[in-house]
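**Q** Below is a structure I'd like to ask you about.
Protein chains in written order, with our numbering: chain U, 108 to 259; chain Z, 108 to 259.
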């Protein structure tokens, strides 16, 4: 049986920050940054091997591409609500332009479109087309990072 | 046009660690830990508000539950391949039992089952059933954290 104690414990632990996350307006700026960075870490986890396949460094595997593209479609929706004005003063690699330039939003949409295209193309099993579609996703990564992220 | 330079730049930046992620066997243990923690941060982001709804602290919104449950179905697949033996010595809140006790794997499956159930129930719009299903997910959080994670 569900007890409130159980539920509270589960949520507090899941939040991992000692405070349950509620509506996004109440989430601390530092947490928003951590969340958006976490989404990017996972984008890198699942896009990295695909980039390797496109370059021939990793054996091509259409099933992995299809799975990862599906994951990336979901992950590509997650970072953006973490870029609120409240986070402007939190230390991160994000440049101030990300909070002012409408190209940042356009870049998000280009990424999502490229990933949706990759997910569709991945089902075809056509290696050349899939590799080209991976490359198009890669270009949207650098498209935003060049303008809105500190050089690493 | 896609150039190799573009692609490499995009991948290196996306990986965020100066080295493109390739096959998981080649990923550094520290990166695996960062990736699994990132998945948990996002689980907390999208489960937190649902827990708040089940407790009555956050206004109930069936659409948010359905959206977040869909995200959680995908996120719940992501942490586990980061718990490799190679990560045993990396500093984290994971207890040694996670690498030895088969209940850890069972807990993963219970979480995934509870989230799949929540995603299905969310479509019904039945508030009481949805809140109960949220509670069942919360119990699977603490089910594993109690045994396999340091007390925070």
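For every residue, glycine included, the Cβ atom is placed at its ideal position computed from N, Cα and C.
1) Do you know whose CA, among U/151, U/255, U/225 and U/245, lies nearest residue 169 of chain U's CA?
2) In terms of residue numbering, what span does the alpha helix (DSSP H) encompassing residue 218 of chain Z cover?
3) Does residue 260 of chain Z have its Cβ less than 7 Å from a Cβ in chain U?
4) Rounded to whole angstroms, what is the Cα-Cα separation between residue 182 of chain Z and residue 207 of chain U?
5) Can you give me the C-alpha to C-alpha distance between residue 141 of chain U and residue 201 of chain U, rounded to a whole angstrom?
6) Could you run through the segment 164–186 of chain Z and flag, in chain order, every residue whose CB is less than 7 Å away from some CB of chain U?
7) Any C-beta of chain U sitting closer than 7 Å to the C-beta of residue 231 of chain Z?
8) Do residue 189 of chain Z and residue 264 of chain Z have their beta-carbon atoms positioned less than 7 Å apart in this structure?
9) Over what stretch of residues does the alpha helix (DSSP H) that includes residue 159 of chain U continue unbroken?
10) Excluding the five sequence neighbours on either side, which residues of its own chain have a C-beta within less than 6 Å of the C-beta of residue 150 of chain Z, listed in chain order?
11) Beta-carbon of residue 199 of chain Z versus every beta-carbon of chain U: anything under 7 Å?
12) Does DSSP classify residue 201 of chain U as helix, strand or coil?
13) In chain U, which residues lie less than 8 Å from residue 146 of chain Z when you measure between Cβ atoms?
14) Pairs of beta-carbons, one from the segment 233–246 of chain U and one from the segment 154–169 of chain U, closer than 8 Å: are there three or more?
15) Can the beta-carbon of residue 136 of chain U be found closer than 7 Å to that of residue 197 of chain U?
16) Give me the DSSP bridge partner(s) of residue 256 of chain Z.
17) What separation, rounded to the nearest whole angstrom, lies between the Cα atoms of residue 148 of chain Z and residue 217 of chain U?
18) Just reading off the alpha helix (DSSP H) that residue 174 of chain U is part of, what are its end residues?
**A** Let me spell this out:
1) U/225
2) 209–229
3) Nothing can be reported for residue 260 of chain Z: it is not among the residues displayed for chain Z, which extend from 108 to 259.
4) 30 Å
5) 12 Å
6) 164, 165, 178, 181 and 185
7) no
8) Look at the range of chain Z in this structure, 108 to 259, and you will see that residue 264 of chain Z is not part of it.
9) 136–162
10) 182
11) no
12) strand
13) 145 and 149
14) yes
15) yes
16) Z/201
17) 25 Å
18) 169–182
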